[in-house]
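Q: Chains as they are written, first to last, in this note's numbering: chain P, 1 to 340; chain S, 341 to 680.
Every residue gets a Cβ at the ideal spot worked out from N, C-alpha and C, and that includes glycine.
Sending over a structure as structure tokens; questions will come in a sec.
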DNA sequence: ATTGGAGATGAAAGCACTTACAATATTACC
DNA sequence: GGTAATATTGTAAGTGCTTTCATCTCCAAT
């Protein structure tokens, strides 16, 4: 922690700097005797090698770039937390970069991280993959420099690894379950058409189609997924109902939207779940805030993160790792739906 | 973005590397003509200087260490978000380190950040300052290396800067307001005795004392402040009520605890606010999840963060800056209290 | 006693920048 | 046109590590 250099240590220990460097890096080409001698000096003076010089020599400072649209988003914040913990446990540090949701900002953020010489970039969230391939160029470019890890999105390119949850199946099952509970007019309430957004929607559609219940009027998009807008979400449902849209169930693409539906039901004096059953997505802490509490789909974020880090560590040590991994989610039943 | 060095650029531009370095660092000792010439080459080849070599030469990589107990905590996550944005706007990047709540982990986390050669460390949250001075040694040590910024805590030491909200006054006013609304048996529900925890409590005590209403039995501590425990929080209140404790108001030290009180009231069939008025703290998104919505104290986090960064930037450029700044909070009245 | 080879060590050349200082070019002024 | 002052540029010495390669030590095998 002092400002000594490797030269000071080598002098005090009576060895060359090469030897000090070797014990610093755990090389086994050092005799036990001199290793101990050097370590003693290092501990005595609380010497810490200069990280920049180390970085220059090794071309790495053991840092990983974490990118997400908004680190204050409930779900993303949890992911950041898990990932940071896991990385540090593996000897890596995290440099965080909130990119926002537009492509240009993402490209800029990516440049920042790459120019910081991170060992890898982890893109947290399904909004980093675009329809058009040219819009994903910034990812391909980054992957030419360092491995790129995607959480909740998948993209097939060299040096890009994807960890996703099976959103399609989760939504398919949630929808099927609601149909089986006797509800046939189910609204799908969503905001994003991101990678996972599309798969969720497809899960709903497939389940509805299989029962001959799909009506295009029951797909309702809201412009935002932000918590601040839950009242506006509620209003939108209210207006739709006033205009004659009839629905006794809402499947929402995330918990904020589901909470909007709860707000709507409460304002309209509807009983939950008798008059309106509601399912959310992400199983965030929002689920336990409202009354009744919210049924939601848990996509096993911690497991996804663990697997992501395992994969990344494998890649960084030069191992062949799977390019895409899929995990199943789970429906957590609470008060806003009928128990099976 | 390529792997060129300053030598390549100097060669292609027909100047020395010193000149390239000068334009890279915005030195004004370069003629416009050569500056343009060099910039053209840099842009043409998309050259980015090697961050490690730069760090070694400048002894800085323009990164700031962000430390918080748990980045997935609602309030801390918001702080991280604001700070990261502001830092990046000022040309700095953030390396994130979630320290947990125990001292030893914090010391370790601090070592990690310092050894990464950050330009400053920002401690986010009131739990970084301890009663005993020896427990704050890790901060003093860190401050010997780089400026240390405290958000929501204050500590007087060289090179340590504190940005706090006036928790005492906020709590004093919230309590006074509740008393004036006609409630005299007000429970104080808290978990932490951190820097701001103590000040909040003092605000409540002072207000109650001034009205001769303070009863020590009305101070109720809960072991955790975590959202997962809201049901347990509710149970604790329920048990206390069953044992004969009477209260018609709850002032909670944060929104999670307040939500616990809401859960209790709902389970016990109490009307809010008629039978039980509730005030939370932090004005987090939890406030709008429950019904009725939660009155809470907003401590102007964004303002605090802005001021913190302003102060930090001043310090880093060698200016004299105030060691401690205090901002007022504001009570946001919602449905869990009587409107004034 | 001799040789070969493994294991331990050191000298020195990177790594890609910054910057003090010296050298040169340019301008200003008489 | 000459000189001093100033603006611009280059040389070279850091910055603190890693690592290759050569050297040296030591011991087992012959």
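Can you give me the Cβ contacts of residue 178/P inside the same chain, cut-off strictly under 8 Å, excluding the 5 residues immediately before and after it?
A: Translated into the one-based positions of the first chain, residue 178/P becomes position 178. Result list for residue 178/P: 186, 249, 251, 277, 279, 337, in chain order.
Q: Using a Cβ-Cβ cut-off of 9 Å, state whether residue 646/S counts as contacting chain P.
A: By 1-based counting over the second chain, the position of residue 646/S is 306. It does not: the Cβ of residue 646/S has no partner Cβ on chain P nearer than 9 Å.
Q: Since residue 464/S contacts residue 453/S with CB under 8 Å, what's their CB separation in whole angstroms?
A: Working through the second chain from its first residue, we reach residue 464/S at position 124. Working through the second chain from its first residue, we reach residue 453/S at position 113. Contact flag wrong, Cβ pair sits at about 13 Å.
Q: Tell whether a beta-carbon distance below 9 Å holds between residue 447/S and residue 478/S.
A: Position 107 of the second chain, counting from 1, holds the residue named residue 447/S. Position 138 of the second chain, counting from 1, holds the residue named residue 478/S. Against a cut-off of 9 Å, the Cβ pair of residue 478/S and residue 447/S comes out as a contact.
Q: Report buried or exposed for residue 205/P, applying the criterion of at least 16 other Cβ atoms within 10 angstroms of its Cβ.
A: Numbered from its first residue, the first chain carries residue 205/P at position 205. Flag for residue 205/P reads buried.
Q: Out of 271/P, 64/P, 195/P, 328/P, which one is the CA nearest neighbour of residue 115/P?
A: Along the first chain, read from residue 1 onward, the residue named residue 115/P stands at position 115. The option with the nearest alpha carbon to residue 115/P is 64/P.
Q: Within 10 angstroms of its Cβ, does residue 682/S collect 16 or more other Cβ (buried), or is it exposed?
A: This structure cannot settle anything about residue 682/S, because the visible part of chain S is limited to 341 through 680.
Q: State the CB to CB distance for the pair residue 71/P and residue 420/S, rounded to an integer number of angstroms; the pair is presumed to be in contact (CB under 8 Å).
A: If you number the first chain from 1, residue 71/P lands on position 71. If you number the second chain from 1, residue 420/S lands on position 80. With a Cβ gap of about 5 Å, residue 71/P and residue 420/S count as contacting.
Q: Determine the extent of the beta strand (DSSP E) in which residue 455/S is found, giving its start and end residues.
A: To locate residue 455/S, count along the second chain from 1; it is residue 115. Careful: residue 455/S lies outside any beta strand (DSSP E), inside the alpha helix (DSSP H) at 443-455.
Q: Restricting to Cα atoms, I'd like to know which of 606/S, 586/S, 665/S, 673/S is closest to residue 621/S.
A: Walking along the second chain from the start, residue 621/S turns up at place 281. Ranking the options by Cα distance to residue 621/S, first place goes to 673/S.
Q: So, are the CB atoms of residue 573/S and residue 610/S less than 9 Å apart?
A: Start at 1 with the first residue of the second chain, and residue 573/S comes out as number 233. Start at 1 with the first residue of the second chain, and residue 610/S comes out as number 270. Against a cut-off of 9 Å, the Cβ pair of residue 610/S and residue 573/S comes out as no contact.
Q: Note down the Cα distance separating residue 40/P from residue 22/P, rounded to an integer number of angstroms.
A: As a working note, residue 40/P is residue 40 in the first chain. As a working note, residue 22/P is residue 22 in the first chain. Cα to Cα, the separation comes out at about 15 Å.
Q: Taking Cβ positions, are residue 313/P and residue 28/P nearer each other than 9 Å?
A: Locating residue 313/P in the first chain gives position 313, counting from the first residue. Locating residue 28/P in the first chain gives position 28, counting from the first residue. Going by C-beta atoms, residue 313/P is not nearer than 9 Å to residue 28/P.
Q: Could you have a look at residue 429/S and say whether DSSP puts it in helix, strand or coil?
A: In the second chain, the residue the question calls residue 429/S occupies position 89. The answer is helix: DSSP assigns residue 429/S an H, G or I state.
Q: With H, G and I counted as helix, E and B as strand and the rest as coil, what does DSSP make of residue 306/P?
A: What you label residue 306/P is simply residue 306 of the first chain in a count that begins at 1. Helix.
Q: How many Å lie between residue 523/S and residue 122/P at the Cα?
A: Locating residue 523/S in the second chain gives position 183, where the first residue counts as 1. Locating residue 122/P in the first chain gives position 122, where the first residue counts as 1. Going by the C-alpha atoms only, they are around 52 Å apart.
Q: Can you tell which of 180/P, 199/P, 142/P, 119/P has the C-alpha that lies nearest to the C-alpha of residue 154/P?
A: Walking along the first chain from the start, residue 154/P turns up at place 154. Out of 180/P, 199/P, 142/P, 119/P, 199/P has the C-alpha closest to the C-alpha of residue 154/P.
Q: Pull up the CB-CB distance for residue 335/P and residue 274/P, whole angstroms please, since I reckon it's below 8 Å.
A: Walking along the first chain from the start, residue 335/P turns up at place 335. Walking along the first chain from the start, residue 274/P turns up at place 274. That belief does not hold up - the Cβ atoms of residue 335/P and residue 274/P are roughly 11 Å apart, past 8 Å.
Q: Roughly how many angstroms lie between the CA atoms of residue 373/S and residue 394/S, to the nearest whole one?
A: Here the question's residue 373/S lines up with position 33 in the second chain. Here the question's residue 394/S lines up with position 54 in the second chain. Distance between the alpha carbons of residue 373/S and residue 394/S is about 25 Å.
Q: Opposite residue 437/S in the DSSP bridges: which residues?
A: Along the second chain, one-based indexing puts residue 437/S at 97. Per DSSP, 407/S.
Q: Return the residues of the stretch 409-427 of chain S that lie within a Cβ-Cβ distance of less than 7 Å from chain P, sorted by chain order.
A: Hits within the stretch, in order: 410, 411, 412, 417, 418, 420, 421, 424, 425.
Q: Measuring CB to CB, does residue 502/S end up less than 9 Å from residue 603/S?
A: As a first step, residue 502/S is located in the second chain; it is residue number 162 there, counting from the start. As a first step, residue 603/S is located in the second chain; it is residue number 263 there, counting from the start. No, the Cβ-Cβ distance between residue 502/S and residue 603/S is not below 9 Å.
Q: Which same chain residues end up closer than 8 Å to residue 475/S when comparing Cβ atoms and leaving out the 5 residues on each side of it in sequence?
A: Residue mapping note: residue 475/S aligns to position 135 of the second chain, counting from 1. Closer than 8 Å at Cβ, skipping near neighbours: 443.
Q: Ends of the alpha helix (DSSP H) at residue 513/S?
A: For this step, residue 513/S is matched to residue 173 along the second chain. First-last of the alpha helix (DSSP H) with residue 513/S: 507-520.
Q: Take the Cβ of residue 457/S as the centre, count every other Cβ of all protein chains shown within 10 Å, and call the residue buried at 16 or more, exposed below.
A: Working through the second chain from its first residue, we reach residue 457/S at position 117. Residue 457/S comes out buried.
Q: Closest to residue 158/P by C-alpha separation, out of 147/P, 168/P, 166/P, 164/P, would be which residue?
A: Here the question's residue 158/P lines up with position 158 in the first chain. Among 147/P, 168/P, 166/P, 164/P, the Cα nearest to that of residue 158/P belongs to 147/P.
Q: Determine which residues of the stretch 627-638 of chain S have a Cβ less than 8 Å from any Cβ of chain P, and write them out in chain order.
A: Flagged, chain order: 628, 629, 630, 631.
Q: Counting only beta-carbon atoms, is residue 392/S nearer than 9 Å to chain P?
A: Counted from its first residue, the second chain places residue 392/S at position 52. With 9 Å as the cut-off, residue 392/S counts as an interface residue toward chain P.
Q: Less than 7 Å between C-beta atoms, sequence neighbours within five positions excluded: which residues of the same chain meet that for residue 562/S?
A: As a position in the second chain, residue 562/S is number 222, starting the count at 1. 529, 531, 573, 576, 597.
Q: Cutting at 6 Å between CB atoms, please list the residues of its own chain near residue 352/S, excluding the five before and the five after it.
A: As a working mapping, residue 352/S is identified with position 12 in the second chain. Correct list, in chain order: 381.
Q: Whose CA, out of 489/S, 557/S, 605/S, 480/S, lies closest to the CA of residue 650/S?
A: Stepping through the second chain from its first residue, residue 650/S is reached at position 310. If we check each option's Cα against that of residue 650/S, 489/S comes out closest.
Q: Taking CB distances under 9 Å as the criterion, tell me whether residue 395/S reaches chain P.
A: By 1-based counting over the second chain, the position of residue 395/S is 55. Interface residue, yes.
Q: DSSP three-state call for residue 488/S: helix, strand or coil?
A: Within the second chain, the letter at position 148 stands for residue 488/S. Residue state, collapsed to three classes: strand.
Q: Could you compute how far the alpha carbon of residue 511/S sits from the alpha carbon of residue 52/P?
A: Locating residue 511/S in the second chain gives position 171, where the first residue counts as 1. Locating residue 52/P in the first chain gives position 52, where the first residue counts as 1. About 46 Å.
Q: In terms of alpha-carbon separation, which member of 473/S, 507/S, 504/S, 451/S lies closest to residue 482/S?
A: The sequence position of residue 482/S within the second chain is 142, counting from 1. Ranking the options by Cα distance to residue 482/S, first place goes to 451/S.
Q: Using only the alpha-carbon positions, how far apart do residue 73/P and residue 417/S sit?
A: For the purposes of this step, residue 73/P is taken as the residue at position 73 of the first chain. For the purposes of this step, residue 417/S is taken as the residue at position 77 of the second chain. Distance between the alpha carbons of residue 73/P and residue 417/S is about 8 Å.
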